[in-house]
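The block underneath contains the structure these notes are about, expressed in structure tokens.
There are 2 protein chains.
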Amino acid sequence: MTVTLADVAARAQVSPATVSRVLNGNYPVAAATRERVLRAVDDLDYVLNGPASSLAAATSDLVGILVNDIADPFFGIMASAVQSEITGPGGRAGGERMAVVCNTGGSPERELTYLTLLQRQRAAAVVVTGGAIEDAPHAAAIGGKLRRLGDAGSRVVLCGRPPTGAAPDAVALTFDNRGGGRRLTDHLLGLGHRRVGYIAGPTERTTTRHRLEGHQEALAAAGVADDPLLTLHGPYDRRSGYDATLELLRREPRLTAIVAANDTVALGACAALRDRGLSIPGDVSVAGFDDLPFSIDAVPALTTVRLPLHEAGARAGRIAMGREEEPPGGIATVHGELMVRGSTGAPRQH
Amino acid sequence: MTVTLADVAARAQVSPATVSRVLNGNYPVAAATRERVLRAVDDLDYVLNGPASSLAAATSDLVGILVNDIADPFFGIMASAVQSEITGPGGRAGGERMAVVCNTGGSPERELTYLTLLQRQRAAAVVVTGGAIEDAPHAAAIGGKLRRLGDAGSRVVLCGRPPTGAAPDAVALTFDNRGGGRRLTDHLLGLGHRRVGYIAGPTERTTTRHRLEGHQEALAAAGVADDPLLTLHGPYDRRSGYDATLELLRREPRLTAIVAANDTVALGACAALRDRGLSIPGDVSVAGFDDLPFSIDAVPALTTVRLPLHEAGARAGRIAMGREEEPPGGIATVHGELMVRGSTGAPRQH
DNA sequence: CGAGGCGTAGCAAGCGCTTTCTACTGGGGA
DNA sequence: TCCCCAGTAGAAAGCGCTTGCTACGCCTCG
Numbered sequence: 001m002t003v004t005l006a007d008v009a010a011r012a013q014v015s016p017a018t019v020s021r022v023l024n025g026n027y028p029v030a031a032a033t034r035e036r037v038l039r040a041v042d043d044l045d046y047v048l049n050g051p052a053s054s055l056a057a058a059t060s061d062l063v064g065i066l067v068n069d070i071a072d073p074f075f076g077i078m079a080s081a082v083q084s085e086i087t088g089p090g091g092r093a094g095g096e097r098m099a100v101v102c103n104t105g106g107s108p109e110r111e112l113t114y115l116t117l118l119q120r121q122r123a124a125a126v127v128v129t130g131g132a133i134e135d136a137p138h139a140a141a142i143g144g145k146l147r148r149l150g151d152a153g154s155r156v157v158l159c160g161r162p163p164t165g166a167a168p169d170a171v172a173l174t175f176d177n178r179g180g181g182r183r184l185t186d187h188l189l190g191l192g193h194r195r196v197g198y199i200a201g202p203t204e205r206t207t208t209r210h211r212l213e214g215h216q217e218a219l220a221a222a223g224v225a226d227d228p229l230l231t232l233h234g235p236y237d238r239r240s241g242y243d244a245t246l247e248l249l250r251r252e253p254r255l256t257a258i259v260a261a262n263d264t265v266a267l268g269a270c271a272a273l274r275d276r277g278l279s280i281p282g283d284v285s286v287a288g289f290d291d292l293p294f295s296i297d298a299v300p301a302l303t304t305v306r307l308p309l310h311e312a313g314a315r316a317g318r319i320a321m322g323r324e325e326e327p328p329g330g331i332a333t334v335h336g337e338l339m340v341r342g343s344t345g346a347p348r349q350h
Numbered sequence: 001m002t003v004t005l006a007d008v009a010a011r012a013q014v015s016p017a018t019v020s021r022v023l024n025g026n027y028p029v030a031a032a033t034r035e036r037v038l039r040a041v042d043d044l045d046y047v048l049n050g051p052a053s054s055l056a057a058a059t060s061d062l063v064g065i066l067v068n069d070i071a072d073p074f075f076g077i078m079a080s081a082v083q084s085e086i087t088g089p090g091g092r093a094g095g096e097r098m099a100v101v102c103n104t105g106g107s108p109e110r111e112l113t114y115l116t117l118l119q120r121q122r123a124a125a126v127v128v129t130g131g132a133i134e135d136a137p138h139a140a141a142i143g144g145k146l147r148r149l150g151d152a153g154s155r156v157v158l159c160g161r162p163p164t165g166a167a168p169d170a171v172a173l174t175f176d177n178r179g180g181g182r183r184l185t186d187h188l189l190g191l192g193h194r195r196v197g198y199i200a201g202p203t204e205r206t207t208t209r210h211r212l213e214g215h216q217e218a219l220a221a222a223g224v225a226d227d228p229l230l231t232l233h234g235p236y237d238r239r240s241g242y243d244a245t246l247e248l249l250r251r252e253p254r255l256t257a258i259v260a261a262n263d264t265v266a267l268g269a270c271a272a273l274r275d276r277g278l279s280i281p282g283d284v285s286v287a288g289f290d291d292l293p294f295s296i297d298a299v300p301a302l303t304t305v306r307l308p309l310h311e312a313g314a315r316a317g318r319i320a321m322g323r324e325e326e327p328p329g330g331i332a333t334v335h336g337e338l339m340v341r342g343s344t345g346a347p348r349q350h
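Pasting the structure below:
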């Protein structure tokens, strides 16, 4: 049957306790004994029983990463960065921790389910990425869950999500979506655009609201009226950008610029414009958000706001592992950088 | 302190055994008793201890997914698909299984480490994606590990990787990389191209070799000499495509087409051509592989081979959960579909 | 020469759950 | 009326590991 610690102990002629200590390396063991034990481990092809070990030690080496959609590079990049920092010393046997990437699909129910699952596994840490749902009951439920996770000893880090009042000891690395949105629209207004369409993300999400608010702030500051007909909501996908662009064109033929909720949506917008025979930025300028890797390969290259996804994820990972100090107050704002490229230009003259 | 089964039992005035049975739902419990137990669970905010439960039951609800790079949509899409099928009935408490996505970075050492970690956790199943390393010792080590995982009760599914002799009971869903490569180059040759550059992936990987072999097969079938100077190797990234394209142009100014190892590499190639002032496909045709979502948004849209990543991942997930029959012989080949788009055309006339 | 330490190793008590086996009920058939 | 069985609940034995405490040398210092 399966080899247990006791088998190894027997073969090495030591007690199980000694084997455990050799494996965990947190207690002095004579070199000769250690050798003998390690050889026995090797001979028997022994693999530690994780659950048993977690139970006895009341800790686990699982780190949960919650993402909306792992197929979206926005989340993939963050998840990858978190994971790259998850490993390393300070841990238990092997020093390796496992990252559990959980796909919530943006649904608060699934988010809650996964948090419970992670709590069940006594996860060492949990990193929650992506914007939050702005629904009071859900927010409270998730906040409560996060607090309980924290109480149970898991370190909780929010990455790209505003802090939750309900989970005071969770560290939050928040993206400056509002500021980014503001700068993007400022840029377009500066070029002379006045009729700017906005393709927002799904309603009820903090990310969507903040980016949109930045846009509106810029309009207000420039004294440009915010025509509600020029703002459309939809999911964060290409299709939404495509459809919304056609709709915007229908509503406002004099449109000279489109700001999209993110780069993927922007690509959809570009496709729609091309299909309509409009040139970018000659007829209509387009801007995205996030600066995902493919944005630079769009033709023309996409003007967008670069979010340091990798850096933010890595930092979240380090904080989750206790390898980096928490920001003061447990909150840090991560700023985006405006990347002006070919997809935006001065509006055509009438 | 933390609430345990016993606490719930006490509050519901039943034995711990009964609580366990209510939670697992695999033993008759009178409705009234169940009610009482569930209320107690709710009142106390009880969360099952995963490690303890896994230890006692000798199973776990973890499913491992090994990927080379989670930030790459190629893997993100598959991981997402696997995960979408991982959930559901047939499982234990809650019926929810957790997908553990492990980033190996393509390194066999990390691959091995993660497999050990999964073995440690007594994973219910393991899905390994991406091509294999063609290094005998490593292949043997990984094969052996997979076999032992299988012996220990984990279901093992390879997705997009050729079967391993060392792990006979692992199911393999293999991509027809050779056939896809063949069709892609056939298409180019059919258009009249004769000087075709090939930007391959890293050496020593099955994916790289198979795609390249398909290309060479097509050349041979058409009686076109395979000039070794026109094949370059590099990583699966944009940079590699960019650099290799410049090098190809240097080596062979009469080049009229470039086949890239995958879409990302192809995008790099396009960027290099644009920077050189060459038009696509007027001066040089470009083709990719995989048909990742952004490929259609390239300008011109990329000719490529569509791999049904989502379908394959979903199928792998279902097989891993025992919800779909294994293919005969444990091996199935997944074919790609040639997507002819704007980036390829007839070569310019000299 | 004896006492106190230090360096190692073992004992044994759990960690919180699952599950087998046993026990108790009430109802129906002989 | 008695027995047996179906239905339900409990007792208790682990699952394989960690770790506090104890034990045993042997060395060094007084």
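In order, the protein sequence lines correspond to chains C and S.
Taking the UniProt record's numbering, the leading residue of the first sequence gets 1, the next gets one more, and so forth.
Taking the UniProt record's numbering, the leading residue of the second sequence gets 1, the next gets one more, and so forth.
For each residue, glycine too, the CB sits at the ideal point set by N, CA and C.
#1: Out of S:A320, S:Y198 and S:I319, state which residue places its alpha-carbon closest to the alpha-carbon of S:A261.
#2: Taking the beta strand (DSSP E) that S:N103 falls in, what are its first and last residues?
#3: Give me the Cα-Cα distance between S:A99 and C:P253, rounded to the nearest whole angstrom.
#4: When Cβ atoms are compared, which residues of the region 257-286 of chain S fall closer than 9 Å to chain C?
#5: Which of the three DSSP states is assigned to S:H193 in this structure?
#6: Please report how far the alpha carbon of S:R92 lies from the alpha carbon of S:T33, in whole angstroms.
#7: Just to confirm my understanding: we take S:A152, look at its own chain, exclude 5 residues before and 5 after, and list those with CB closer than 8 Å. What are they?
#8: Specify, as a first and last residue, the run of the alpha helix (DSSP H) that C:E111 falls within.
#9: Buried or exposed for S:S279, going by 16 or more other Cβ atoms inside 10 Å?
#10: When you compare the CB of C:N103 with every CB in chain S, is at least one pair closer than 8 Å?
#11: Is the beta carbon of S:V128 less than 8 Å from the beta carbon of S:G330?
#12: Quick check: what's the CA-CA separation for S:T104 versus C:A6?
#13: Excluding the five sequence neighbours on either side, which residues of its own chain have a C-beta within less than 7 Å of the C-beta of S:I319, listed in chain order?
#14: Taking C:S279 as part of the beta strand (DSSP E), name the residues at either end of that continuous run.
#15: If you draw a straight line from the C-alpha of C:L230 to the C-alpha of C:R211, how long is it?
#16: Quick one: is C:S240 near chain S, going by C-beta distance under 8 Å?
#17: Could you check what DSSP says for C:M339 in three-state terms: helix, strand or coil?
#18: Check the Cβ of C:I319 against every Cβ in chain S and list those closer than 8 Å, keeping chain order.
#19: Does any residue of chain S bring its CB to less than 8 Å from the CB of C:L48?
#20: By the 10 Å Cβ neighbour count, where 16 or more other Cβ atoms means buried, how is S:E35 classified, buried or exposed?
#21: Is the Cβ of S:R92 closer than 8 Å to any Cβ of chain C?
#22: Using 8 Å as the limit for Cβ to Cβ distance, is S:P89 near chain C?
#23: DSSP has C:V3 in a bridge; who is on the other side?
#24: Taking 8 Å as the CB-CB limit, is C:D227 close to chain S?
#25: If you draw a straight line from the alpha carbon of S:G317 to that of S:G64, how long is it in whole angstroms?
#26: From C:L48 to C:V3, what does the alpha carbon distance come to, in whole angstroms?
#27: Please list, in chain order, the residues of the region 61-73 of chain S that have any C-beta partner in chain C closer than 9 Å.
#28: Short of 7 Å Cβ to Cβ, which residues in the region 104-123 of chain C face chain S?
#29: Tell me whether C:L66 sits in a helix, a strand or coil according to DSSP, three-state version.
#30: Relative to the alpha-carbon of C:V299, which residue among S:R315, S:A271 and S:R276 has its alpha-carbon at the smallest distance?
#31: Evaluate contact between the region 55-63 of chain C and the region 19-26 of chain S, counting only Cβ atoms and requiring at least three cross-stretch pairs below 8 Å.
#32: Under 8 Å, Cβ to Cβ, is there at least one residue of chain C near S:G150?
#33: So, is C:T203 buried or exposed, given that buried needs 16 or more other C-beta atoms within 10 angstroms?
#34: Where does residue 352 of chain C fall in DSSP's three states?
#35: Distance, Cα to Cα, S:A141 vs C:D263?
#36: Once DSSP output is grouped into helix, strand and coil, what is the label at S:D151?
Let me lay it out:
#1: Comparing Cα positions, the closest option is S:Y198.
#2: Unbroken beta strand (DSSP E) run through S:N103: M98 to N103.
#3: For S:A99 and C:P253, the distance between alpha carbons rounds to 48 Å.
#4: Those residues of the region 257-286 of chain S that come within reach of chain C (Cβ to Cβ, closer than 9 Å) are T264, L267, G268, C270, A271 and R274.
#5: Correct three-state label for S:H193: coil.
#6: For S:R92, the pLDDT reaches just 35, beneath the cut-off of 50, and the residue's location in the model is therefore unreliable, although a value from the coordinates is still provided. For the pair S:R92 and S:T33, the Cα-to-Cα distance works out to about 20 Å.
#7: So the list reads Q119 and R122, once near-sequence residues are dropped.
#8: Start and end: P108 to R120.
#9: Exposed, by the Cβ-count rule.
#10: Answer yes: the Cβ-Cβ gap between C:N103 and chain S drops below 8 Å somewhere.
#11: Cβ atoms of S:V128 and S:G330: not closer than 8 Å.
#12: S:T104 and C:A6: Cα-Cα distance of roughly 32 Å.
#13: Residues of the same chain with a CB within less than 7 Å of the CB of S:I319, apart from the 5 flanking positions on each side, are V157, V171 and E326 in chain order.
#14: Where C:S279 is concerned, there is no enclosing beta strand (DSSP E), given that its DSSP letter is neither H nor E.
#15: When rounded, the distance between both Cα atoms is 15 Å.
#16: So, not an interface residue.
#17: Annotated three-state conformation of C:M339 is strand, per DSSP.
#18: Under the 8 Å cutoff, chain S gives no residues; its nearest Cβ is about 19 Å from C:I319.
#19: Judged by the 8 Å Cβ criterion, C:L48 is in contact with chain S.
#20: Classification for S:E35: exposed.
#21: Reliability of the predicted coordinates at S:R92 is poor, the pLDDT of 35 falling under 50, and no value is obtained from them.
#22: Bear in mind that a pLDDT of 44 at S:P89, under 50, signals an unreliable position, so the model cannot answer this.
#23: Paired residue(s): none; C:V3 is not in a bridge.
#24: Not closer than 8 Å to any Cβ of chain S, the Cβ of C:D227 fails to qualify, so no.
#25: Approximately 10 Å, taken between the alpha carbons.
#26: Their Cα atoms are separated by approximately 9 Å.
#27: Those residues of the region 61-73 of chain S that come within reach of chain C (Cβ to Cβ, closer than 9 Å) are D61, L62, G64, I65, D69, I70, A71, D72 and P73.
#28: Answer set for the region 104-123 of chain C: T113, T116, L117, Q119, R120, Q121 and R122.
#29: C:L66: strand per DSSP, three-state reduction.
#30: Ranking the options by Cα distance to C:V299, first place goes to S:A271.
#31: Verdict: no, contact absent.
#32: False, the Cβ-Cβ gap to chain C never drops below 8 Å.
#33: Exposure of C:T203 is indicated by the presence of fewer than 16 other C-beta atoms within 10 angstroms of its C-beta.
#34: As shown, chain C starts at 1 and ends at 350. That puts residue 352 of chain C outside it, with no answer to give.
#35: Between S:A141 and C:D263, the C-alpha separation is close to 42 Å.
#36: S:D151: helix per DSSP, three-state reduction.
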